[in-house]
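A.B. asks: Sharing a structure here in structure tokens format.
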Amino acid sequence: MPSTSKASRFFELVDQREFAFCQSVNRAARFRPVLGYFQLVSRLGDGWFWYALILTIPFIYPSQGPALALLMTLTGLACTLTYKALKRRLIRERPFISFPSINCGIPPLDRYSFPSGHTLHAACFQIMLFISMPGLALLILPFTLSVAASRVVLGLHYPTDVAAGALIGGLMGFLSTLYLFSGFKDLFPI
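Per the numbering used here, the sequence shown starts with residue 58, numbered consecutively.
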């Protein structure tokens, strides 16, 4: 448990530094259209958008879509295991828990905030798409950015949670797509 207490002390310091920014961004959720938009994005980012995309890709791109859809599914599972393990180990409270002046815009899926699982998955899938299907990736990019922003706007995450989720997810997506390319070079000419 010593590393947990070191992590807790570190996060307490970082939380204090990020509080003002989180509070100011969270104020945007006072406007109904903003709150509604980010709540919808957050719900879709729970997985529903990605499930639909993964199921659709094989039909849109019959030659390379099935392999990419399978890899996205497997990588998504690895992402879930990764962020859950990190959250259990690092134990960082969410902004709305640590700071009552930050409003929770939507109930969280779990208790802890570091890293952002929504952002981790979104960045992972975004990178996988940029490498393999850049045209589709550009269409998906606004949703991915909205998912990342929603985490702070809704009071669920600190910016460092989102940044860490994007970094970890992006790296996992990059590495898994490289693996796909190395195994299926004929389907994905670079």
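Yeah, the Cβ is synthetic: ideal placement off N, Cα and C, and Gly gets one too. All values derive from a computational prediction rather than experimental measurement.
Which runs of the alpha helix (DSSP H) at least 4 residues long sit entirely within the segment 157–212? Give them in chain order.
C.D. replies: 174–189 and 191–210
A.B. asks: Tell me whether W107 is buried or exposed, calling it buried when 16 or more other Cβ atoms sit within 10 Å of its Cβ.
C.D. replies: buried
A.B. asks: When we look at the beta-carbon of A77 and count the other beta-carbons within 10 Å, is it buried (16 or more) or exposed?
C.D. replies: exposed
A.B. asks: When you compare the CB positions of P79 and P152, do they come within less than 8 angstroms of one another, or not?
C.D. replies: Here the sequence assigns Cys to residue 79, which means Pro is not the residue at that position. For C79 and P152, yes; Cβs fall inside 8 angstroms.
A.B. asks: What residues are listed by DSSP as bridge partners for E150?
C.D. replies: Y169
A.B. asks: For F88, which three-state DSSP category applies?
C.D. replies: Correct three-state label for F88: coil.
A.B. asks: Take I159 and list the residues in its own chain whose beta-carbon comes closer than 7 angstroms to its own, dropping the five residues that flank it on each side.
C.D. replies: Non-local beta-carbon contacts of I159 in its own chain, meaning distances under 7 angstroms to residues more than five positions away in sequence, involve C79, Q80, N83, P152, F153 and G212 in chain order.
A.B. asks: Whose CA, out of A220, Y236 and V209, lies closest to the CA of V98?
C.D. replies: V209
A.B. asks: Helix, strand or coil for P216 per DSSP?
C.D. replies: helix
A.B. asks: Would F171 pass as a contact of L138 if the rule is Cβ separation under 8 angstroms?
C.D. replies: Result no, Cβ atoms of F171 and L138 do not sit closer than 8 angstroms.
A.B. asks: Regarding A180 and the ligand HEM, is the C-beta to nearest heavy atom distance less than 7 angstroms?
C.D. replies: The ligand HEM is absent from the structure shown, which contains no ligands of any kind.
A.B. asks: Hey, would you say H178 sits closer than 8 angstroms to G226, going by beta carbons?
C.D. replies: Yes, the Cβ-Cβ distance between H178 and G226 is below 8 angstroms.
A.B. asks: How long is the line joining the alpha carbons of S207 and M229, rounded to whole angstroms?
C.D. replies: 22 angstroms
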